[in-house]
Amino acid sequence: MISSLSGRVKNITPNYLVIDIGGFGVQVNVPPRISSSAILGNALELHTYLVVREDSLTLYGFTDISDRSFFELLLSVTGVGPKVAQSILAVNNANYVANAISKSDMKMIESIPGLGKKGAQRLVLELKDKVSIYLTTDLANDNPISGQLEAALVGLGYSSKESKLILADIAPELNAKKLDLPTALKLALQSKGALNK
92 MISSLSGRVK NITPNYLVID IGGFGVQVNV PPRISSSAIL GNALELHTYL
142 VVREDSLTLY GFTDISDRSF FELLLSVTGV GPKVAQSILA VNNANYVANA
192 ISKSDMKMIE SIPGLGKKGA QRLVLELKDK VSIYLTTDLA NDNPISGQLE
242 AALVGLGYSS KESKLILADI APELNAKKLD LPTALKLALQ SKGALNK
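For the sequence shown, the numbering used here assigns the number 92 to the initial residue and increments by one for each residue that follows.
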């Protein structure tokens, strides 16, 4: 399983990026919100999910590890394949979609291309009790380094759920100051959530 990759952005299209890794161009399908913010020649790390089919191998990538995890959860829903799962995360991140599912916001969910009314109902029915770990405070979610911070915590051995709880715990302080990643990580490790592990 290829769980992440890092390299320079070689080509950008609305639905995929080509990442140059040691002279090899690797095509990774990404949501438009990621491709629209990518910059040619810049280094980029993506958390990936490999879909294996009889006639193809397709990589799906996300800048935030929680989006990749949520993508995998979406694939567990009856009738939701990789393209629909990517469409669900095309404009909004895991926290936003999980919030809509937890509140049964059918208007928002039905507006997702490729899902429809029945698909939206299935999504809510099958996932409503499973999305709580993706719900973080809006403050934590809006911070640009929250995704990197969560990935760093997971890398240090915290589960995705524990990482989200730590992020929620430090959200007010994280947003009150413009912290760099090392300082934010130190703050996270000193939080109640981290110390109670």
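Even for Gly, the Cβ is constructed at its ideal location relative to N, Cα and C.
Confirm, please, whether the CB-CB distance from residue j to residue i is below 8 Å.
i      : j      : result
Leu258 : Leu247 : no
Val182 : Arg144 : no
Ile112 : Leu96  : yes
Ser223 : Gly205 : no
Ala275 : Ile156 : no
Ala185 : Tyr225 : yes
Leu164 : Leu218 : yes
Asn106 : Ser126 : yes
Ala189 : Glu201 : no
What first and last residue would you give for the beta strand (DSSP E) that runs through residue i?
i      : result
Leu137 : 134-144
Thr149 : 147-153
Val117 : 115-120
Tyr107 : 107-112
Starting from residue i, follow its DSSP beta bridges and name the residues at the other end.
i      : result
Gln289 : The question about residue 289 has no answer here: the residues shown for the chain are numbered 92 through 288.
Over the uninterrupted alpha helix (DSSP H) stretch that includes residue i, give me the two end residues.
i      : result
Gly64  : Since the first residue shown for the chain is 92 and the last is 288, residue 64 is missing from the structure and cannot be characterised.
Ser95  : First-last for Ser95: 95-103, but that is the beta strand (DSSP E), not the alpha helix (DSSP H).
Ile125 : 123-126
Please report how far the alpha carbon of residue i lies from the alpha carbon of residue j, in whole angstroms.
i      : j      : result
Thr154 : Asn120 : 12 Å
Val100 : Ser94  : 18 Å
Leu148 : Pro273 : 36 Å
Asp271 : Ser237 : 11 Å
Val175 : Ile203 : 9 Å
Leu150 : Val109 : 11 Å
Ser193 : Val215 : 7 Å
Tyr140 : Met92  : 8 Å
Lys277 : Gly170 : 42 Å
Ile103 : Gly152 : 13 Å
Lys209 : Phe162 : 19 Å
Leu280 : Ser251 : 15 Å
Ala129 : Leu256 : 29 Å
Ser282 : Leu244 : 12 Å
Ala191 : Glu253 : 22 Å
Gly132 : Pro122 : 19 Å
Val82  : Val142 : Nothing in the structure corresponds to residue 82, since the chain is present only between 92 and 288.
Measuring from the CB of residue i, is there a heavy atom of the ligand FAD at a distance below 7 Å?
i      : result
Leu276 : Annotation note on the ligand FAD: not contained in the displayed structure, which lists no ligands.
Output yes if chain D places a C-beta closer than 8 Å to the C-beta of residue i; else output no.
i      : result
Ile200 : In summary, chain D is missing from the structure at hand, where a single protein chain is found.
At 3 residues or longer, what runs of the beta strand (DSSP E) sit wholly inside the region 143-207?
Under the rule that a run must span 3 or more residues, the beta strand (DSSP E) segments found entirely inside the region 143-207 read 147-153.
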